[in-house]
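For the sequence shown, the residue numbers in mature numbering (1 follows the signal peptide of the UniProt record, and there is no 0) are -19 to -1, 1 to 462. Heads up, the beta-carbon is just placed ideally off N, CA and C, and yes, glycines get one too. The block underneath contains the structure these notes are about, expressed in structure tokens.
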Amino acid sequence: MKHLSTLLVLLFVCTCVRAQTALSVTQQNTDLAINLAFVVPGAEYDVVNYKVVYTTIDARGQPDTASGLLAIPLNRDLQFPLAAYMHGTVSNREAVPSREGVLERRLIAAFATNGYIVAAPDYIGLGDSEGFHPYVHADSEASSGRDLLLAAKGWMDEQGIAYNDQLFITGYSQGGHAAQALHRDIQENPSSDSLSVTAGAHLSGPYSISDVMRRASLSETRATLPGYIVYTYISYDTVYNLYDSLEQVFVPAYTDLIDSFERQVINLGDFNVRLDTLLQRRGEVVADIFQDSIRQQLETNDTSSQVIQALRRNDTYRWAPDAPTLLFYCTMDEQVPFENALLADSVMTRLGSTTVQTMTGGALTHGECVVPAVQATLGFFDQFAVTQPTTATRGVPITVSDLSVSPNPVSAGGELLVTGLTPGMNYRFAVTDLNGRLVQQGQLSGQQSRVRLSDGLSRGLHLLRIVHSNGDFTVSKLVVQ
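Below, the structure written as structure tokens:
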């Protein structure tokens, strides 16, 4: 694990650079919606990508510098929601969101082109952050995401780039674990940074490190990616100083290979291949890599063990989400057992959450599950997301339970009946198309109001925004046919 030099610490102190500050923002490529449409159904906006280098803290709470991607829909007439995208396990330190050409950026583009400003951290120890990556370490995953969001907000404020107060959080695989850690951190550690989660979608993640994933590491069958399991234990040693040497944990036949990976002589991709080859040659499974004393602690789930305590510290599901939360999984996932999602759902519900729902993509493998998980997330988020003109009065989105707009779909030139508003109160309304252009506006009053739509409205999806006297607003989707 990287230790910062005294000089670097002094640099942070003397220059008074606070955490969550964007040190540099570099514009990269622009993804055109016309091109994204080939891989992202319903692509709406062109997307401008920026590499952000920002200040944060490392896994031991020391000042650090990290990198990430900021993907912004190209329409300055609209205020978009923010979204945090937490990436999955990568084979090497350069296969991260801030690097152009990385395949996972297509998933980030899917959210951005559909109307979300996406911040995607590279994590500590990856991208521009030096040292060994603390793999599936919940606290540093959360801090890297939170600090990138704050750094991005600060930079966008300076640039006059509008955004609204909504925040959506998602990620797949390791990113599912990181998304759950970030969601939990923002809810349980509120501060003056004004971050509040609108909805979260945690996708095929190893939320239960100490139970489901621990038992998976003891399986008598061949592991698909054995290096991931060893990576976890090396990671926690770098954070918590669990062992004096690799020989205390792993049997001698494997320590040279593990040492090469820990010293970053080989990357995770090579490590997986070499470790799998060595296991097959020896006729062993992952559990055989551990020394008998460590294996016994894992098998008995010895809670006095420092190893077990480290695993439990990085479980991410023992809390009750307030915001709507989707747990997505697939039943043939060979890398992250779907029991992670079922356990998280049961515990969160038992702790009092009424907002959690599970969804399955069916009998799909880990790789096959990605696309349906992202599609389900976009549909889930779109129920709550609000996009509004930048000229709109500042306020917060609210829900009016009795509000009804009918008919919907409606014909251009037709009459809308709006019911459920407070009698005697006056409201303003605005109809915009999906490019944010204002196409009609006017006044509403009373419990029932009628709106005659303009004959010139184009066919397709529009947004009806009703603004209350204090600036708060409700938004309904309106289909014009």
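DSSP state of residue i mapped onto helix, strand, coil
i, result
"Pro388", "coil"
"Glu396", "strand"
"His183", "strand"
"Ala93", "helix"
"Thr(-5)", "Caution applies to Thr(-5), whose pLDDT of 33 falls short of 50 and renders its modelled position unreliable; the model cannot decide the point."
"Ser(-15)", "Note that Ser(-15) scores a pLDDT of 33, beneath 50, so its modelled location is shaky and nothing firm can be said."
"Phe362", "helix"
"Arg63", "Before going on, a small fix: residue 63 reads as Leu here, not Arg. If DSSP states are grouped into helix, strand and coil, Leu63 belongs with the strands."
"Leu323", "helix"
"Pro260", "A quick correction: the sequence has Leu, not Pro, at residue 260. Here Leu260 sits in helix by DSSP."
"Arg446", "strand"
"Ala411", "strand"
"Ala3", "strand"
"Gln272", "coil"
"Arg87", "helix"
"Thr306", "strand"
"Ala291", "helix"
"Arg431", "strand"
"Ala357", "helix"
"Met313", "coil"
"Thr281", "helix"
"Thr368", "coil"
"Met406", "coil"
"Val267", "helix"
"Thr339", "strand"
"Thr330", "helix"
"Val377", "coil"
"Val352", "helix"
"Val71", "coil"
Residue environment, residue i, which counts as buried when at least 16 other CB atoms sit within 10 Å
i, result
"Thr455", "buried"
"Glu122", "buried"
"Val337", "buried"
"Gln8", "exposed"
"Phe92", "buried"
"Arg74", "buried"
"Asn407", "exposed"
"Gly90", "Residue 90 is actually Ala in this sequence, not Gly. With 16 or more Cβ atoms within 10 Å of its Cβ, Ala90 is classed as buried."
"Ile379", "exposed"
"Pro115", "buried"
"Thr400", "exposed"
"Asn170", "exposed"
"Asp225", "exposed"
"Leu442", "exposed"
Residue i vs residue j beta-carbon contact at 8 Å
i, j, result
"Leu398", "Ser387", "yes"
"Pro44", "Tyr97", "no"
"Val367", "Asn16", "no"
"Gly343", "Thr312", "yes"
"Ser110", "Ser185", "no"
"Leu249", "Ile239", "no"
"Val6", "Thr94", "no"
"Pro318", "Ala204", "no"
"Ala182", "Phe362", "yes"
"Gln287", "Leu223", "yes"
"Val355", "Leu13", "no"
"Leu402", "Leu425", "yes"
"Ile150", "Val178", "yes"
"Ala291", "Tyr217", "yes"
"Ile105", "Ser125", "yes"
"Val377", "Asp453", "yes"
"Ala132", "Tyr35", "yes"
"Ala100", "Ala65", "yes"
"Tyr188", "Asn56", "no"
"Leu129", "Leu148", "no"
"Ile275", "Val230", "yes"
"Leu163", "Arg127", "yes"
Supposed close pair residue i, residue j - CB separation, criterion 8 Å
i, j, result
"Val33", "Leu51", "5 Å"
"Thr341", "Asp326", "With a Cβ gap of about 11 Å, Thr341 and Asp326 do not count as contacting."
"Val267", "Ile210", "5 Å"
"Pro302", "Gln168", "7 Å"
"Phe252", "Gly208", "4 Å"
"Pro305", "Ala180", "4 Å"
"Arg440", "Thr413", "Contact flag wrong, Cβ pair sits at about 15 Å."
"Leu307", "Ala357", "7 Å"
"Tyr235", "Leu199", "Going by Cβ atoms, the distance from Tyr235 to Leu199 rounds to 16 Å, so no, they are not a contact pair."
"Glu298", "Met329", "Reading off the sequence shown, one finds Tyr at residue 298, where the question assumed Glu. Right, the Cβ-Cβ distance comes to about 6 Å (below 8 Å), so this counts as a contact."
"Thr2", "Gly135", "7 Å"
"Ile215", "Asn295", "No, Ile215 and Asn295 are not in contact; Cβ-Cβ is about 13 Å, not under 8 Å."
Heavy atom of the ligand GDP within 7 Å of residue i beta-carbon
i, result
"Ile275", "As presented, the structure is devoid of all ligands, the ligand GDP included, so that no description of it is given."
- Taking only runs of the beta strand (DSSP E) that begin and end inside the stretch 5 to 49, which ones reach a length of at least 3 residues, in chain order? Counting whole runs of 3 or more residues, the stretch 5 to 49 contains the beta strand (DSSP E) stretches 28 to 38.
- Message: In chain order, what are the residue ranges of uninterrupted beta strand (DSSP E) at least 3 long that sit wholly in the stretch 119 to 203?
- Response: Correct list: 144 to 153, 180 to 184.
- alpha helix (DSSP H) segments (min. 4 residues) lying fully within the stretch 202 to 251: Entirely contained in the stretch 202 to 251, the alpha helix (DSSP H) runs reaching 4 residues are, in chain order, 207 to 221, 233 to 243.
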